[in-house]
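Q: The following block contains the structure, expressed as structure tokens.
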Amino acid sequence: MEVYQYLRISTNDGRQTTKNQASEIKKYAEENGFRIDQTIEVEISSRKNNKDRRIDELLERLEKNDILVCSEISRLGRSTSEVIDIVNALIAKEVRVIFIKQNMDIKQNDIQSQVMITMFALFSSIERSLLSERVKSSLQARKEAGVVLGRPKGNSKYLPFKKRIQKLLKKGVSVRKIALTHLPELELKNPTGLHLFIKTELTS
Numbered sequence: 009m010e011v012y013q014y015l016r017i018s019t020n021d022g023r024q025t026t027k028n029q030a031s032e033i034k035k036y037a038e039e040n041g042f043r044i045d046q047t048i049e050v051e052i053s054s055r056k057n058n059k060d061r062r063i064d065e066l067l068e069r070l071e072k073n074d075i076l077v078c079s080e081i082s083r084l085g086r087s088t089s090e091v092i093d094i095v096n097a098l099i100a101k102e103v104r105v106i107f108i109k110q111n112m113d114i115k116q117n118d119i120q121s122q123v124m125i126t127m128f129a130l131f132s133s134i135e136r137s138l139l140s141e142r143v144k145s146s147l148q149a150r151k152e153a154g155v156v157l158g159r160p161k162g163n164s165k166y167l168p169f170k171k172r173i174q175k176l177l178k179k180g181v182s183v184r185k186i187a188l189t190h191l192p193e194l195e196l197k198n199p200t201g202l203h204l205f206i207k208t209e210l211t212s
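The number in this note's numbering is simply the position in the sequence shown, starting from 1, with 8 added.
Structure follows, in structure tokens:
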């Protein structure tokens, strides 16, 4: 059995140091009767992929009955869904996982650990659902603005009428009236898309 510590700080956060994390983990290990055998240390943003953050290496090196200690859960992943995927992979390898700040000790064949994993999975599912809804809402808003998805800014059905829209706005005509009466070519039903076009193309 070997005990690993995973130390990671973001390159854009000058307040963090791996030394502080290592000190916290060392204290925890001494208080709980084990020593740190292996260290994986990275200074990189959590937005980077698993390979760059050496997560893949960590998963490869850890073996059955090994222990992984992190100062806090955010060191391991940038989202709940990512962390649960990594933790599940470690549990499948029968690796014990400890997050000091959260006071979490996850191990194989432990009822409390199973409850935590179940809660993790629930939060992960909720997080994915919320992200999906945000993406859908954003895409729908862009679609209503006439933006052609996947293409550079400026590809909008309102673009050919930009000067007309600007002139009417300067005259004090409301966005709603412009949409419903001054752009008959587009057959608009509501001003939502025009509002977004004005915000993104005319005022940004």
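Even for Gly, the Cβ is constructed at its ideal location relative to N, Cα and C.
Since the model is a prediction, treat every value here as computed from it, not as a measurement.
Could you tell me the distance, in whole angstroms, from the CA atom of R159 to the CA atom of I206?
A: Locating residue 159 in the sequence shown gives position 151, where the first residue counts as 1. Locating residue 206 in the sequence shown gives position 198, where the first residue counts as 1. At R159, the pLDDT of 45 sits below 50, so the modelled position is not reliable; the number obtained from the coordinates is stated separately. Whole-angstrom Cα-Cα distance: 18 Å.
Q: What number of angstroms, rounded off, separates the C-alpha of K59 from the C-alpha of F128?
A: Counting from one through the sequence shown, the residue named residue 59 turns up at place 51. Counting from one through the sequence shown, the residue named residue 128 turns up at place 120. If I take the Cα positions, the gap works out to 23 Å.
Q: Under the criterion of a Cβ to heavy atom distance below 8 Å, does T126 qualify as lining the ligand COA?
A: This structure does not include the ligand COA; it has no bound ligands of any sort.
Q: On the three-pair Cβ rule with 8 Å, is the segment 33–40 touching the segment 77–87?
A: Contact between the segment 33–40 and the segment 77–87 is present, because at least three Cβ pairs lie under 8 Å.
Q: Compare the beta carbon distance of Y14 and I75 with 9 Å and say whether it is the shorter of the two.
A: For the purposes of this step, residue 14 is identified with residue 6 of the sequence shown, where counting begins at 1. For the purposes of this step, residue 75 is identified with residue 67 of the sequence shown, where counting begins at 1. No, the Cβ-Cβ distance between Y14 and I75 is not below 9 Å.
Q: Suppose you measure from the CA of L84 to the CA of I63; what does that come to, to the nearest Å?
A: Indexing the sequence shown from 1 puts residue 84 at position 76. Indexing the sequence shown from 1 puts residue 63 at position 55. The alpha-carbon of L84 is positioned some 8 Å away from that of I63.
Q: Looking only at its own chain, which residues have a Cβ that is under 8 Å from the Cβ of I108, when we skip the five neighbours before and after it?
A: Position 100 of the sequence shown holds residue 108. Contacts found: E32, I33, Y36, V77, C78, S79 and E80.
Q: With distances taken Cα to Cα, identify the nearest neighbour of L210 among S146, R172 and E65.
A: Numbered from 1 along the sequence shown, position 202 holds the residue referred to as residue 210. Out of S146, R172 and E65, R172 has the C-alpha closest to the C-alpha of L210.
Q: When the Cα atoms are used, what is the spatial distance from E102 to L196?
A: The residue labelled residue 102 in the question sits at position 94 within the sequence shown. The residue labelled residue 196 in the question sits at position 188 within the sequence shown. If I take the Cα positions, the gap works out to 59 Å.
Q: Rounded to a whole number of angstroms, what is the C-alpha to C-alpha distance between E49 and T126?
A: For the purposes of this step, residue 49 is identified with residue 41 of the sequence shown, where counting begins at 1. For the purposes of this step, residue 126 is identified with residue 118 of the sequence shown, where counting begins at 1. In this model, E49 and T126 are separated by some 29 Å (Cα to Cα).
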